[in-house]
Amino acid sequence: MAVARRRIDPAEGLAALNQWAAGAVPPSGAAPSVPAVPAVPRSVIATAVRYSLEEVTARAPGNSVEVRVPPFGVTQCVEGPRHTRGTPPNVIECDAATWLAMVTGRLSWADAVGAGRVAASGLRADLSALLPL
Numbered sequence: 547m548a549v550a551r552r553r554i555d556p557a558e559g560l561a562a563l564n565q566w567a568a569g570a571v572p573p574s575g576a577a578p579s580v581p582a583v584p585a586v587p588r589s590v591i592a593t594a595v596r597y598s599l600e601e602v603t604a605r606a607p608g609n610s611v612e613v614r615v616p617p618f619g620v621t622q623c624v625e626g627p628r629h630t631r632g633t634p635p636n637v638i639e640c641d642a643a644t645w646l647a648m649v650t651g652r653l654s655w656a657d658a659v660g661a662g663r664v665a666a667s668g669l670r671a672d673l674s675a676l677l678p679l
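According to the numbering used here, the sequence shown holds residues 547 to 679 in order.
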């Protein structure tokens, strides 16, 4: 299986992820399970999301699950049947704050799905074994 070429330098991506984690603050009055709102530049969020999507693909290569974090990125991962046209049967989609909270361990996969912060469809659309990174 071919390995996707990284577009984000791993050191730069990890620095962006750490900067996001250091700058993320929980919304006032929010429950502990609510992801933090980042107080960092949009470019840092974009780099952190793209790096973490590349990292998920590196750890679970494949094409059976599509992970979407609009507007920053999308990747295909997890070994299994490959889709070639149209909407894939296994799709995961969430906002950047939720994605980065799961990636950094601030929010569990189960809590995010339970709270409706992640849309996951398909039998393979479960990243609980891969998150946090």
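Yeah, the Cβ is synthetic: ideal placement off N, Cα and C, and Gly gets one too.
Burial state of residue i, where buried means 16 or more other Cβ atoms lie within 10 Å
i, result
"Asn564", "exposed"
"Gly575", "Residue placement at Gly575 is poorly supported in this model, since its pLDDT is 47, which falls under 50; the coordinates are not used for a value here."
"Arg652", "buried"
"Met547", "In this predicted model, Met547 has a pLDDT of only 47, less than 50, meaning its place in the structure is not dependable; the value taken from the coordinates is given anyway. Its Cβ having fewer than 16 others within 10 Å, Met547 is exposed."
"Pro573", "Unreliable placement is indicated for Pro573, whose pLDDT of 47 sits below 50; the coordinate value is still reported in the next sentence. Pro573 should be labelled exposed."
Reference residue i, options the options, closest by Cα
i, options, result
"Thr689", "Ala665, Cys623, Ala557", "Outside the displayed span of the chain (547 to 679) sits residue 689, for which this structure offers no information."
"Val664", "Thr650, Thr644, Arg652", "Thr644"
"Arg628", "Ser610, Ala656, Pro587, Val602", "Ser610"
"Ala700", "Met648, Leu676, Ala642, Val649", "Within the shown structure, residues of the chain are numbered from 547 to 679, placing residue 700 beyond reach of any answer."
"Arg596", "Val624, Gly626, Arg551, Arg631", "Arg551"
"Val659", "Thr650, Glu639, Val590", "Glu639"
Those residues which DSSP pairs with residue i across a bridge
i, result
"Ala561", "DSSP lists no partner for Ala561."
"Gly619", "Val615"
TODO: Would you check if the segment 664–674 and the segment 634–647 touch, i.e. whether three or more CB-CB distances between them fall below 8 Å?
DONE: With the cut-off at 8 Å, the segment 634–647 and the segment 664–674 touch.
Open item on the list: My parser needs the alpha helix (DSSP H) runs of 4 or more residues fully inside the segment 623–654; what are they?
Closed with: Complete alpha helix (DSSP H) runs here, min 4: 642–649.
Task: 4 or more residues per run - each alpha helix (DSSP H) lying fully within the segment 579–608 - done: Complete alpha helix (DSSP H) runs here, min 4: 588–605.
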